[in-house]
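Read the structure below first, then the notes.
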Amino acid sequence: MADQERVTLAIDGMEITVPKGTTILEAAKQAGVLIPHYCYHPGLPVAGVCRMCLVEIEGVPKLQIGCATPAAEGQTVRVNESEQAKHARQGVLEFLLINHPLDCPICDQAGECELQNYVFQEGRARTRYSPTYPKRFNPVEDFGGDVLYVPNRCILCTRCVRFMDHVAGEHVLNVSERGDRAYIGIHPQRQLDHPWAGNVVDLCPVGSLLSKDFLHKARAWELDHTPSVCTGCSQGCNVNLDTRAHSVVRVRPRPNAEVNKYFMCDHGRQTYRAMNRGDRIEAPLVAEGGALVAADWDHTLARAAQILKGSSGTAVALVSPSASTEALYLLKAVLDGFTMTAAFRVERADGEQPLAGIAGLSLRSERAPNVAGATLLGYEESFDRALEAARQAAVVVVLDEDLDGVTSDMLKGSGNLIYLGRALPDVARSARVVLPVTNVAEEDGSFVNRDGRVQRYLQAKSGPGMARPAWWILSELLAELGRGEPLGSAAEAFEILAAKERAFDGMSYGSLGLKGVRVGNGTAAEVTA
Amino acid sequence: MAIRVVVVKRPEREISYLRAALKGMAMTFRHLLQKKFTMQYPEQRSTDDWSLSPRWRGTHRMLTDEQGRAKCVACGLCPQICPANCIKLVPGEDEVGHRYPLIYEIDEFRCVFCGYCQEVCPEEAIHVGVHYENAEYERERFVYDLERLCAQTHPVSTLWDPSDPKGE
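Quick note, the sequences are listed as chains R and C, same order. According to this note's numbering, the first sequence is numbered sequentially starting from 18. According to this note's numbering, the second sequence is numbered sequentially starting from 631.
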């Protein structure tokens with residue numbers, strides 16, 4: 018940064034120094050002034066077509082667009098303090114509203130619509146058009162994939178076109194026709210089914226491009242947003258879980274310059290379905306007389322501890338690479354003292370689905386978020402070998418693994434099966450203790466992505482019944498075994514992990530923040546982008 | 631200490647009820663001959679002097695369009711504004727792509743009849759009604775579904791005077 022030339026300018030009386038080449042719009046953001054804009058998006062090339070970001074620059078005769086004008090030394094820029102610029106922006110909004118339907122009550126974007134926001138902020142209170150003036154009308158078009166196009170609402174900012182052309186690298190969208198007849202056209206023989214095409218819905222500043230999956234599901238103001246990490250693959254895109262009334266209704270990307278920029282793939286967007294599954298275990302279960310019966314936590318944990326105390330020799334841990342790093346570490350700690358075989362398996366899809374315009378961003382073939390975390394903590398991708406070992410093992414502990422394809426006689430040899438999971442597969446019915454765990458939306462925790470970036474996710478909703486986070490269960494179990502104190506939070510679990518594992522040295526939830534830190538960089542302060 | 635009872639001798643004129651009774655009867659007979667104010671409910675529901683105010687806020691009514699469909703577009707504003715949280719709304723889309731309420735229920739027991747739902751409605755669909763007499767045999771019947779709300783025929787409330795919306 019130091020060798021870069023910097024310029025100082027004043028925006029609405031606020032003095033700010035930015036690197037040379039920064040646009041006025043970005044500089045204003047840093048000064049805390051939001052210049053209204055539609056076509057500009059930090060993740061896309063600049064087009065300068067919407068004319069919404071007009072600002073007054075002292076000494077320049079005409080208004081300039083903030084998104085394409087570089088900040089220069091000594092400039093005096095007026096955004097909200099300039100009557101001329103305000104008047105121009107009001108004019109732009111008036112033009113946009115000539116043909117924009119006033120259907121906010123039925124529009125999915127209402128509440129998070131930039132047109133709605135800016136019109137309320139600085140638009141005209143009344144139209145100057147006659148109420149009988151016929152607005153342009155085009156029927157709703159299905160773009161294929163998950164995207165629906167409502168041309169009436171389109172303000173032709175071309176963000177979607179630029180995303181497909183320059184970021185996704187698939188030229189399927191364009192601006193067809195001219196003038197007031199213009200609309201977003203799609204290639205006649207193709208569909209908008211690119212694996213990353215769902216981003217156009219997020220990019221659209223108005224309700225013109227809609228997600229068919231989310232259509233009419235919730236209003237924007239009903240949603241709570243919780244920072245999380247996508248569980249779709251090992252890329253570890255930062256996401257927000259949008260929840261309403263204890264169910265996750267959609268997953269949207271959360272900007273992180275180091276990982277996913279502003280984007281996420283359509284596969285990741287569908288992961289919310291798994292978070293709302295209804296076939297969950299709601300109470301701890303213990304084996305009594307050949308059947309599993311519901312019990313309370315104290316009783317169940319005591320039983321599990323008794324099993325662990327009463328056996329020695331070899332232990333097999335079958336874990337899911339979707340379990341949190343904290344849980345994976347604590348499981349190892351619980352089985353300390355046994356000769357341990359710790360293994361996971363990961364679902365692999367054919368090939369990767371890269372986003373062409375962003376280097377290193379791709380829907381990865383390994384479809385689990387914490388493969389790197391499990392590997393760092395000494396778990397091996399040798400599931401079959403571990404199953405073989407399970408035949409003779411004294412104890413088998415399963416953590417969140419669905420045991421698909423595993424038959425009960427594979428695990429029968431041990432007799433001591435402890436199952437920590439969300440749902441109860443038939444195989445797990447032979448377990449002596451079943452401990453219900455929460456899923457990614459219901460607990461705090463962290464994942465390590467394929468680049469070794471440790472990233473936190475936060476609890477978005479409550480878990481079903483008595484289900485508890487796996488780190489809580491395992492820390493209670495450790496306490497029961499007399500090898501530690503029960504932990505109160507995932508942050509404490511992570512502290513213990515960071516103290517014991519070299520790769521996580523010096524890290525804490527505080528230092529991770531919400532953007533994450535690469536392993537081995539724990540002590541270096543991360544500059545958040 | 632023994633209790634002593636003293637019987638006080640009063641004049642006959644003072645303790646006789648006759649005078650008071652006659653006074654009362656005179657009052658009664660005087661009213662018998664005067665104009666009657668009692669409304670003969672339920673045979674009579676309003677009088678020349680008295681009727682429900684046009685701004686009365688009673689049980690709801692959903693207005694319908696020319697085809698008899700509810701005017702509601704399921705925008706979700708009434709469940710949002712409702713202070714009693716008594717409106718349940720699930721939006722859906724019909725065969726021509728119009729947004730409409732799949733489920734629209736109002737729990738009239740929970741309702742506090744504030745009229746916010748009517749005020750916030752962008753489609754002038756849901757209204758509070760100028761209506762009383764809501765007795766039912768079962769509690770469940772007080773959850774009005776969309777069909778029932780549309781079938782109501784009573785007049786709807788005028789929350790404000792249209793000629794003087796600010797009440798000045």
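Here a beta-carbon is modelled for each residue, glycine too, at the ideal position from N, C-alpha and C. Note that the coordinates shown come from a computational prediction; the quantities given were computed from them, not determined experimentally.
Closer than 7 angstroms: R/P212 CB and nearest the ligand ZN heavy atom: Of the ligands one can find in the structure shown there are none, so the ligand ZN has no counterpart to examine.
Classification of C/M657 by the beta-carbon crowding that lies within 10 angstroms, buried from 16 upward: exposed
Inter-residue spacing [alpha-carbon to alpha-carbon] between C/Y767 and C/D737: 15 angstroms
Test: R/H233 CB closer than 8 angstroms to a CB of chain C: yes
Contact set between R/W213 and chain C, taken where Cβ atoms lie within less than 9 angstroms: Per Cβ cutoff of 9 angstroms: no residues; R/W213 is ~26 angstroms from chain C at best.
Residue-level contact to chain C via CB, R/W314, 8 angstroms cutoff: no
Residue nearest to R/L345 in terms of C-alpha spacing, selected from R/Y57, R/L441, R/A373 and R/A389: R/A389
9 angstroms Cβ cut-off: residues of chain R touching C/L707: P122 and R236
Nearest to R/A142 (by Cα), restricted to the options R/L110, R/G307 and R/S431: R/L110
Proximity below 8 angstroms, CB of R/I490 to CB of R/L452: yes
Short Cβ contact (8 angstroms threshold) for C/L682 with C/V760: yes
Contacts that R/V157 makes with chain C (C-beta to C-beta distance below 9 angstroms): G727
Three CB pairs or more closer than 8 angstroms across the segment 248–263 of chain R and the segment 202–218 of chain R: no
Below-8 angstroms beta-carbon distance, C/G759 vs any chain R residue: no
DSSP beta-bridge partners of R/A373: According to DSSP, R/A373 bridges with nothing at all.
Min CB distance C/P713 to chain R below 8 angstroms: no
Spatial neighbours of R/A312 in its chain, beta-carbon cut-off 8 angstroms, leaving aside the 5 residues before and after: A300, P301, L302, V303 and R320
Contact belief for R/K478 with R/E459 at Cβ below 8 angstroms, rounded distance in angstroms: 6 angstroms
Where C/Q710 meets chain R, residues with beta-carbon distance less than 8 angstroms: R236, W238 and E239
Rounded straight-line distance, which links the Cα of R/V136 to that of R/A27: 26 angstroms
Neighbour list for C/E723 in chain R, Cβ cutoff strictly below 8 angstroms: L232 and H233
CB contact check: C/P752 to chain R, cutoff 8 angstroms: yes
Closer than 8 angstroms to chain D by CB, R/A359: Going by chain labels, chain D is absent from the structure shown, which instead holds the protein chains R and C.
Buried/exposed call for R/S337, threshold 16 Cβ in 10 Å: buried
Beta carbon proximity, C/K796 to chain R, threshold 8 angstroms: no
Assigned secondary structure, R/M427 (DSSP; H/G/I helix, E/B strand, else coil): helix
Close Cβ partners of C/N764 (< 6 angstroms) along its chain, the five nearest in sequence each way excluded: T689
Identity of the residue in R/H54, R/I33 and R/S399 nearest R/L220 by Cα: R/H54
Where R/R473 sits in the DSSP three-state scheme: strand
Where C/V703 meets chain R, residues with beta-carbon distance less than 8 angstroms: P122 and I123
Check whether R/V444 and R/S463 have beta carbons under 8 angstroms apart: no
Beta-carbon proximity check, C/A700 vs C/L789, cutoff 8 angstroms: no
Backbone CA spacing between R/V544 and R/Q472 [nearest angstrom]: Caution applies to R/V544, whose pLDDT of 39 falls short of 50 and renders its modelled position unreliable; the model cannot decide the point.
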